Structure formats: structure tokens, C-alpha cells
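**Q** Let me give you the structure first, and then I'll get to my questions.
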């Protein structure tokens, strides 16, 4: 056996002597989505689900981002348009998908297309560089994408609408 082969074998065997790492400590589930013409990702752990093609019932509201209500698991859930929350102009393309957020006071974020799912190492995430709203990016399928911080987005919705405005099953 050559010295190179012996070294590779030692390295291979040594890898089994290392302590096992829990998958949730090293990998992050991400869902790839398209909003307008841009590709983004969201962390799976920040969502309570994803839904497609729900019947949306419009409601009168002074909140321009509120599209209406949908029924999810027997609850009426307010739906907010992710494109307008991210600063995109209105377009005619339907918002076919919903990111479901929260269980106590659920709400949904509507977007154009679901484009993928992956488990990425936490090391793939980087702080965003330069000015703008993006706080973090990740390399996904050879493309650098902005990570949408769902908790911060939901907090801004609740702050803008005021306390008690978005409650489970209703919009006041």
C-alpha cells in the first residue's frame, strides 16, 4: 500500500472517531420562491406551512398589503401580498402560493411561485453586503439569493397595523 493510500485510509477511519453532529445543528431547510422576477429563499423553521391555490375572500381594509382572508385548517387567515411588502409594483401575475406563519395569530404571505427546497449548511448563509433591506444572503443552485426574514416581516406588519389588529381568524 502506498503512503498516500495509507494516509487516505487513516483520514477515512479517523472521521468515524469524531463525535456525531446532529443534522439540525449543521443544516438549514430553505424554501426557494419567486416574487416578481426575483428569486428568494425563506427558512423552513420560520413557517408553519405552505399552501397553494386557496380561495381568497377580499375584505375592506386600510392596509394596502392585505389581500383578503383564506380558510386554513378551519381558521380564517389574513393574507398579505409579499410583492407589495417587498416594494414591488402591482402586476397581473397571480399570487398562487402562501407562506403560512404562526399558530396563535396565523397569517399568510402570498407570492408568485414555489421554485424549490433544499437543506443547506449554515455556513452557506452570509450577511448581506451594501445598502438595502437585505440582511442575509445564501448561495442556492449557483445563485446568490436574498433570505427573507419572515419574523421581521411579520413584526413590521403587526406594528404597522397596530396591536390586536391581526388576530386568529379575523382582521379588525
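Residue numbers (the working numbering): 91 to 262. C-beta: ideal position from N, C-alpha, C; glycine also. Treat the numbers as computed from the prediction; the structure is a model and nothing was measured.
1. Return the CA-CA distance between residue 196 and residue 167, expressed in angstroms with no decimal places.
2. Does DSSP put residue 69 in a helix, in a strand, or in coil?
3. Taking buried to mean at least 16 other C-beta atoms within 10 Å of its own C-beta, is residue 173 buried or exposed?
4. Sorted by chain position, which residues of the same chain lie with C-beta nearer than 7 Å to residue 134's C-beta, five sequence neighbours on each side aside?
5. Would you kindly report the start and end of the unbroken alpha helix (DSSP H) that includes residue 249?
6. Quick check on the burial criterion: 16 or more other C-beta atoms within 10 angstroms. Buried or exposed for residue 163?
7. For residue 179, which residues from the same chain have a beta carbon less than 6 Å from its beta carbon, with the 5 sequence-adjacent residues on both sides left out?
8. Can you tell me whether residue 158 is buried or exposed? The criterion is at least 16 other CB atoms within 10 Å of its CB, across all chains shown.
9. Using DSSP with H/G/I as helix, E/B as strand and the rest coil, what is residue 211?
10. Would you report the Cα separation of residue 153 and residue 189, rounded to the nearest angstrom?
11. In this structure, how does DSSP classify residue 134 when only helix, strand and coil are distinguished?
12. Given a threshold of 16 other Cβ atoms within 10 Å of its Cβ, counted over all protein chains shown, does residue 207 qualify as buried or as exposed?
**A** Quick answer:
1. Looking at the two C-alpha atoms, the distance is approximately 6 Å.
2. The displayed coordinates of the chain run from 91 to 262. Any statement about residue 69 would go beyond what the structure contains.
3. By the neighbour-count rule (16 or more Cβ atoms within 10 Å), residue 173 is buried.
4. These residues qualify, in order along the chain: 119, 120, 121.
5. Counting along the chain, the alpha helix (DSSP H) containing residue 249 begins and ends at 240-251.
6. A residue is called buried once 16 or more other Cβ atoms fall within 10 Å of its Cβ, and residue 163, having fewer, is exposed.
7. Correct list: empty, nothing qualifies.
8. With 16 or more other Cβ atoms from the protein chains shown falling within 10 Å of its own Cβ, residue 158 counts as buried.
9. DSSP places residue 211 in strand when its eight states are reduced to three.
10. Answer to the nearest angstrom: the Cα atoms are 19 Å apart.
11. DSSP places residue 134 in helix when its eight states are reduced to three.
12. When all chains shown are included, residue 207 counts as exposed.
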